[in-house]
Amino acid sequence: MTKFRPCIDLHLGQVKQIVGGTLSQVAADLKTNYVSKLPASHYAGLYQKHDLRGGHVVKLGPGNEEAAQEACKTWPGGLQVAGGITDKNAKYWIDQGADKVRLVTALWRWSILHLDIARLALLSGFACSCLFVIITSFLFPEGKFSLERLQSVLSALDGDKSKLVLDLSCRRKDDTWFVAMDRWQTITEMEINQESIALLEPYCAEFLIHAADVEGLQQGVDEELVSRLAEWCTIPVTYAGGARHLQDLEKVHTSSKGKVDLTIGSALDIFGGSGVTFDECIEWNKTH
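Residue numbers (our numbering): 111 to 398.
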């Protein structure tokens, strides 16, 4: 059954909702839907109260360490942390209370992945079921997918794919979708389709798919992509991008036959949105 997945996006130490496609090196290009007056720890406590597991804290650039740390301390073992993770701080974040860290195939240029991250997380004694690191496309050197690098990450996890989730952020090209990197501005050579999904599935436990073209726009989810993901994937999948009201949960549920979960951000009342209330999402999860 399709479930609601929460998030906490951090930018310059504040909880924000940003139009994903506007993130670049040019500050003037950034479009923000919402800047919260409340700390990240408030949202962490809210998610803990309602046992909304599977949510993520994303550090979008520098200046977010303290906010992310407070969120993790508020709900030890309940949140996943991403952004700026390196071999020098991965164990630190797990020790701070992060339940999981994830491996993102391609997004930002604020950190570098070293294979020791996965091993450090394992040695910390926590259940590290996914590795989410906002990186310079570790799996896509020069925009080309490297199976060898993915195999190396899995090897660092002692071959246990249940500890790995892949985030395949993508952009649409006509009736196809390609993995995007470098703040979603650069398109890689990997098309998201039956073949690529089949190639990646043996190495991970689930996928997180950001539809970059509609991220933060509140203009509706990419139902065709959701439907295709349900067809192609045999492991759990979470879709993010464009959700604007409660009906989008129903649409994703229908389009995917309950196989794909949905993250809602800017449309939520707790993030200044008017399309759907947090209470409605909680009730949805209780009844589905």
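Cβ coordinates follow ideal geometry from the N, Cα and C atoms, glycine included. Source: prediction; values computed, not measured.
Beta-carbon separation of residue 278 and residue 302 under 8 Å?
Going by C-beta atoms, residue 278 is nearer than 8 Å to residue 302.
Hey, would you say residue 314 sits closer than 8 Å to residue 271, going by beta carbons?
Using a Cβ distance threshold of 8 Å, residue 314 and residue 271 count as a contacting pair.
For residue 231, count neighbouring Cβ atoms within 10 angstroms of its own Cβ and tell me buried if that reaches 16, exposed if not.
Any reading at residue 231 must be qualified, since the residue scores a pLDDT of 46, below 50, and its modelled position is unreliable; the value itself is stated next. Residue 231 is buried by the Cβ-count criterion.
Taking the alpha carbon of residue 366 as the point to measure from, which residue in 185, 342, 118, 289 has its own alpha carbon closest?
Residue 366 has its Cα closest to that of 342, out of 185, 342, 118, 289.
Report the three-state DSSP secondary structure of residue 329 (helix, strand or coil).
Under the three-state reduction of DSSP output, residue 329 falls in the coil class, being neither helix nor strand.
The beta strand (DSSP E) spanning residue 185 covers which residue range?
Where residue 185 is concerned, there is no enclosing beta strand (DSSP E), given that its DSSP letter is neither H nor E.
Which word fits residue 111, buried or exposed, when buried means at least 16 other C-beta atoms lie within 10 angstroms of its C-beta?
Residue 111 should be labelled exposed.
Suppose you measure from the CA of residue 249 to the CA of residue 283; what does that come to, to the nearest Å?
Each residue's alpha carbon lies about 21 Å from the other.
By the three-class DSSP mapping on this structure, what secondary structure does residue 387 have?
Collapsing the DSSP output to three states places residue 387 in coil.
Mind pulling the alpha helix (DSSP H) runs of 4 or more residues that sit fully within the segment 353–382?
As far as the segment 353–382 is concerned, its whole alpha helix (DSSP H) runs of at least 4 residues are 356–366.
Helix, strand or coil for residue 154 per DSSP?
In the structure shown, residue 154 falls within a helical segment according to DSSP collapsed to helix, strand and coil.
So which of 182, 155, 368 has the shortest CA-CA distance to residue 168?
Here the closest residue by C-alpha is 182.
Would DSSP call residue 397 helix, strand or coil?
In this structure, residue 397 counts as helix in the three-state DSSP scheme.
Can you tell me where the beta strand (DSSP E) with residue 290 in it begins and where it stops?
For residue 290, the enclosing beta strand (DSSP E) has its first and last residue at 286–291.
Cβ neighbours of residue 327 in the same chain (closer than 7 Å, five flanking residues each side left out)
So the list reads 129, 352, once near-sequence residues are dropped.
Take residue 344 as the anchor and find which of 263, 310, 291, 364 has the nearest alpha-carbon.
Looking only at 263, 310, 291, 364, the smallest Cα-Cα distance to residue 344 is reached by 310.
Give me the residue from 187, 321, 149, 159 with the minimum Cα distance to residue 388.
The option with the nearest alpha carbon to residue 388 is 159.
For residue 121, list the residues DSSP reports as bridge partners.
Paired residues: 124.
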